[in-house]
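Colleague: Please find one structure pasted underneath; my questions will follow.
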Ligand code: ACM
């Protein structure tokens, strides 16, 4: 009976978007024009009519509209349709007028919505803008104002990273995270899959990477700098099976998201040498998988330059490329301590034989070997900015987690760059200075700083190097994020600011206006997703 009453109540609910005011969209579109005249009435009688090559995206769109509003719209392939529909959302392929990467045109008229794009990414981006026009509750009809939106991103690479080593998250959360990216019109998920504290993808060629390398005996409690250090004494770990990874890749592909896996070498390899000590500078040692954070120069975690290591690298990167279809494969290359190489006579002999003048040259040698293996499989290497320290081939893409100086040095050498500076794009840093805020890495990256960051520093434009920056990325290291709820708390609302910093033309960004749109359209979305977020962003700004 109660159910029937609820159903009756639902029948009467309709949603009327105001025709006068501009809808609040994040990221702010390049062009949005409100048109005179009647808008569009969306009801269950509305169909989705799609270019036949986009059926999976049309089905995704159908599900998202239904999840959000309760309206399940029938989907038709345009070439199967006998009679024109009275009320329809048309998904139209147009690569002639929509000639910028990921561009879309969304037109809302009386009787029809037309979403045009040249490819899947433009289409999915346009869907996200459309979904932001709809209410987040069950309704029977929606009145949308007449409008036209022509939109495209400022940068071609727009990424979010997630470390699943320090803490691992369920497959369903990885999918949810990919949905977060999709919603924010980001296009790349950088999946950090190996590190000192664990190996997180299934490998057949070297099975001890999973049986030994995927598990640690204990985990540090509290902050890395706390004295004395305390440990929980609990075995922790796991890895994603190949079947799970394929499922995630398929999920991402429907949404136009590229997944770049990272296998971090030649440092950050403690889990690898725990499984196979023969790849270390001390093959006679039994290493543990790391139980603490921040290993740099503190504990040996490097690969030794020997035949077994290079054979391993060739094989394991081959297996990785068989699993992941992305053009770019991330080989890490960050924070590689030179201490253990300096102390190892066999490494010194290898360097002499190869004419490598110092340990930085050896680091470059490792990167070049792996970049070569990737090239054989038709792939390209991307790595953290330290790999540009030596004389590396500039075909490798640099992900700069340092400051402007390091980025500029790499660009001057001829490298292209993705900007992911610790300040302000590291979301493991605090977003407040409240001593009671949930534990994070020391450092302060408030929402305002994330929003106002311009990935192209003035010095780049001055030197004619702006074109070297292909985009940006925010990074999520999870030492202090044991559960997905904490990840959500750390990324929201900062991820919404990244979305606009990487999409919207610099001249159209406006922080107070962003905060208003955030509160009108995006915070309700976090609630709808049942995701947590940091709520005190208005109290903590760049001046604090
Ligand atoms: C890094 O933060 N070590 C890439």
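Residue numbers (this note's numbering): 3 to 546. A virtual CB, placed ideally from N, CA and C, is assigned to each residue, including glycine. For clarity, every value in this text was computed on a predicted model and none was experimentally measured.
(1) What does residue 331 pair with, by DSSP beta-bridge criteria?
(2) Rounding to the nearest angstrom, what Cα-Cα distance links residue 231 and residue 222 in this structure?
(3) For residue 324, is the classification buried or exposed, using 16 other Cβ atoms within 10 angstroms of its Cβ as the cut-off for buried?
(4) Quick check: the Cα distance between residue 35 and residue 107, rounded to an integer number of angstroms?
(5) Would you report the Cα separation of residue 1 and residue 188, rounded to the nearest angstrom?
(6) Is DSSP giving residue 151 helix, strand or coil here?
(7) How would you label residue 46, buried or exposed, when you count the other beta carbons within 10 angstroms and need 16 or more for buried?
(8) Quick check: what's the CA-CA separation for residue 544 versus residue 427?
(9) As a quick exercise: from 147, 200, 177 and 51, pick the residue whose alpha carbon is nearest that of residue 486.
(10) Is residue 9 buried or exposed, if buried means 16 or more other CB atoms sit within 10 Å of its CB?
(11) If you pair each beta-carbon of the region 266-283 with each one of the region 326-343, do three or more pairs fall below 8 Å?
(12) Return the CA-CA distance between residue 26 and residue 312, expressed in angstroms with no decimal places.
(13) Within 10 angstroms of the Cβ of residue 444, are there 16 or more other Cβ atoms? Answer buried if so, exposed if not.
(14) Check each candidate in 467, 44, 242 and 489 and name the one with the smallest Cα separation from residue 414.
(15) Residues in the same chain with beta-carbon distance under 7 Å from residue 24, minus the five sequence neighbours each way, listed in chain order, please.
(16) Within 10 Å of its beta-carbon, does residue 351 have 16 or more other beta-carbons around it, so buried, or fewer, so exposed?
(17) Can you have a look at residue 366 and say buried or exposed, based on whether 16 or more other CB atoms are within 10 angstroms of its CB?
(18) Can you list the alpha helix (DSSP H) stretches of 4 or more residues lying completely in the region 170-241, in chain order?
(19) Would you decide whether residue 197 is buried or exposed? Buried here means 16 or more other CB atoms lie within 10 Å of its CB.
(20) Just the C-alpha distance for residue 40 and residue 125, rounded to the nearest angstrom, thanks.
(21) Please name the residue in 278, 489, 488 and 456 whose C-alpha comes closest to that of residue 288.
(22) Which of helix, strand or coil does DSSP assign to residue 161?
(23) So is the beta-carbon of residue 82 under 7 Å away from any non-hydrogen atom of ligand 1?
(24) Name the one or two DSSP bridge partners that residue 2 has.
(25) What are the start and end residues of each continuous alpha helix (DSSP H) run of 4 or more residues lying completely inside the region 437-486, in chain order?
(26) In chain order, which alpha helix (DSSP H) runs of at least 4 residues are fully inside the region 277-315?
(27) Near residue 164, what residues of its chain come up, given a Cβ to Cβ distance below 8 Å and the 5 sequence neighbours on each side ignored?
(28) Can you look up residue 528 in the DSSP assignment and give me helix, strand or coil?
(29) Going by beta-carbon coordinates alone, are residue 118 and residue 100 separated by less than 8 Å?
(30) Considering only heavy atoms of ligand 1, list every residue whose Cβ is less than 6 Å from one of them, following chain order.
(31) According to the Cβ coordinates, are residue 115 and residue 72 closer than 8 Å?
(32) I need the DSSP call for residue 505, collapsed to helix, strand or coil.
(33) Can you confirm whether the region 389-403 touches the region 494-511 when touching is taken to mean that 3 or more C-beta pairs between the two stretches lie within less than 8 Å?
(34) Flag this pair as yes or no: are the beta carbons of residue 173 and residue 249 separated by less than 8 Å?
(35) What residues are listed by DSSP as bridge partners for residue 78?
Modeller: From the atom records:
(1) 383
(2) 7 Å
(3) exposed
(4) 11 Å
(5) The requested residue 1 is not part of the displayed model; the chain covers only 3 to 546.
(6) strand
(7) exposed
(8) 14 Å
(9) 177
(10) Caution is warranted here: a pLDDT of 49 is assigned to residue 9, below 50, making its placement in the model unreliable, and no coordinate value can be reported.
(11) yes
(12) 53 Å
(13) exposed
(14) 467
(15) 34 and 36
(16) exposed
(17) buried
(18) 173-185 and 210-213
(19) buried
(20) 25 Å
(21) 278
(22) strand
(23) no
(24) One cannot answer for residue 2 here, as it falls past the ends of the chain, which runs 3 to 546.
(25) 449-454 and 460-464
(26) none
(27) 171, 176, 179, 191, 192, 193, 194, 478, 480 and 489
(28) helix
(29) yes
(30) 336, 337, 386 and 403
(31) no
(32) helix
(33) no
(34) yes
(35) 51
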